[in-house]
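Each remark here refers to the structure printed beneath this line.
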Amino acid sequence: MRVISTNKDMAQACREAVKPIGLVPTMGALHAGHLSLVDQARADNLTVAVSIFVNPTQFGDQKDIQGYPRDMEGDLEMLRRHGVDLVYAPTVDEVYPEGFDTWVDVGPLAEKLEGLHRPGHFRGVATVVSKLFHLMQPDRAYFGQKDGQQVLVVQKLARD
Numbered sequence: 000m001r002v003i004s005t006n007k008d009m010a011q012a013c014r015e016a017v018k019p020i021g022l023v024p025t026m027g028a029l030h031a032g033h034l035s036l037v038d039q040a041r042a043d044n045l046t047v048a049v050s051i052f053v054n055p056t057q058f059g060d061q062k063d064i065q066g067y068p069r070d071m072e073g074d075l076e077m078l079r080r081h082g083v084d085l086v087y088a089p090t091v092d093e094v095y096p097e098g099f100d101t102w103v104d105v106g107p108l109a110e111k112l113e114g115l116h117r118p119g120h121f122r123g124v125a126t127v128v129s130k131l132f133h134l135m136q137p138d139r140a141y142f143g144q145k146d147g148q149q150v151l152v153v154q155k156l157a158r159d
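Numbering that gives the first Met the number 0 puts the first residue of the sequence shown at 0, with every later residue one more than the last.
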């Protein structure tokens with residue numbers, strides 16, 4: 000399993016990977032739900048990539064991001080046991096470099112339901128997922144179904 004922290008190295012690893020590639024985007028703090036997605040990706044693809052990135056643009060209150068659980072070593076051990084090939088674990092500066100100012104807006108869908116109470120949340124989700132798709136060029140991506148609105152946002156992003 001390769002753990003990669005830069006865009007350049009991750010893009011290169013994905014270009015060289017045996018296709019198809021399955022991507023499981025996460026913010027870490029992995030649990031059985033994440034691992035079931037990894038296992039499905041393993042069954043469907045020749046290469047499995049997982050991202051571990053606590054995305055600050057998804058959080059309205061910075062106290063929430065500071066309190067978000069992190070266990071990189073534990074997460075990596077679980078991913079190793081589940082046969083993951085590539086792990087992308089970038090810094091915030093790698094994903095959002097100085098001067099970053101390009102966002103993905105999925106329109107009114109992001110402004111309803113949870114979006115009413117978390118302004119900018121889905122813009123952050125759509126932006127980071129778009130970056131991951133562009134960087135890794137996966138053939139398939141796997142998302143948990145517990146947040147229905149987020150699933151719809153990602154489906155719209157992929158379709159558009």
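Think of the CB as a built atom: it goes at the ideal place given N, C-alpha and C, for glycine as much as any other residue.
- As a beta-bridge residue in DSSP terms, Gly21 pairs with Val47 and Arg139.
- Residue nearest to Val128 within the set Asp70, Gly98 and Val49 is Val49 (criterion: CA-CA distance).
- Three or more beta-carbon pairs separated by less than 8 Å are not found between the region 75 to 90 and the region 107 to 115, which leaves the two stretches without contact.
- With respect to the 8 Å criterion, Ala28 and Asp63 are not classified as neighbours on the basis of their beta carbons.
- At a Cβ-Cβ threshold of 8 Å, Ile3 and Thr25 do not count as neighbours.
- Take the alpha-carbon of Pro118 and the one of Asn54: they are about 15 Å apart.
- Judged by DSSP in its simplified three-state form, Leu36 adopts helix.
- DSSP assignment within the region 61 to 124 yields the following whole beta strand (DSSP E) runs of 3 residues or more, N-terminal first: 85 to 87.
- In this structure, the alpha-carbon of Gln136 lies about 16 Å from that of Gln154.
- Looking at the DSSP output, Arg1 bridges to Leu85.
- Scanning Asp159, Val103, Arg79 and Ala157 for the CA closest to the CA of Val37 turns up Arg79.
- Between Val105 and Gly82, the C-beta gap is not smaller than 8 Å, which leaves the two residues out of contact.
- The beta carbon of Leu134 sits closer than 8 Å to the beta carbons of Asn6, Met9, Ala10, Cys13 and Tyr87 from its chain, once the five residues preceding and following it are set aside; these are given in chain order.
- Taking the Cα of Val17 as reference, the smallest distance to any Cα among Leu34, Arg41, His33 and Ser35 is reached at Arg41.
- Between the C-alpha atoms of Val23 and Ala140 there is a straight-line separation of about 6 Å.
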